Amino acid sequence: LFTNVLLKRYSMRQVGVVGSVLFATASIIMAFVQHVYQLAVITLIQGVGGGFVNNICNANFTAYFVVKRAR
Numbered sequence: 003l004f005t006n007v008l009l010k011r012y013s014m015r016q017v018g019v020v021g022s023v024l025f026a027t028a029s030i031i032m033a034f035v036q037h038v039y040q041l042a043v044i045t046l047i048q049g050v051g052g053g054f055v056n057n058i059c060n061a062n063f064t065a066y067f068v069v070k071r072a073r
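The numbering of the sequence shown is the working numbering, which starts it at 3 and goes up by one.
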């Protein structure tokens, strides 16, 4: 739902880059976690970034194969 709102305002590439940066940053920060609460928050951020990337990949595949569909 949230990705759809962003895709109406921004391009797929911009949303994908933001999702990738969120996921990568959270993955790096995960190495420095000292408490379980930090782990939960960073995992949530990582999940949001991964969700953006997953939705962008699905949207790109759908758009590509509609254009290249055999007749």
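Think of the CB as a built atom: it goes at the ideal place given N, C-alpha and C, for glycine as much as any other residue.
All values derive from a computational prediction rather than experimental measurement.
- Within its own chain, no residue has a Cβ closer than 7 Å to the Cβ of phenylalanine 67 once the five positions on either side in sequence are excluded.
- The Cβ-Cβ distance between valine 43 and serine 22 does not fall below 8 Å.
- In the structure shown, the three-state DSSP call for leucine 8 is helix.
- For the pair glycine 51 and valine 20, the Cα-to-Cα distance works out to about 7 Å.
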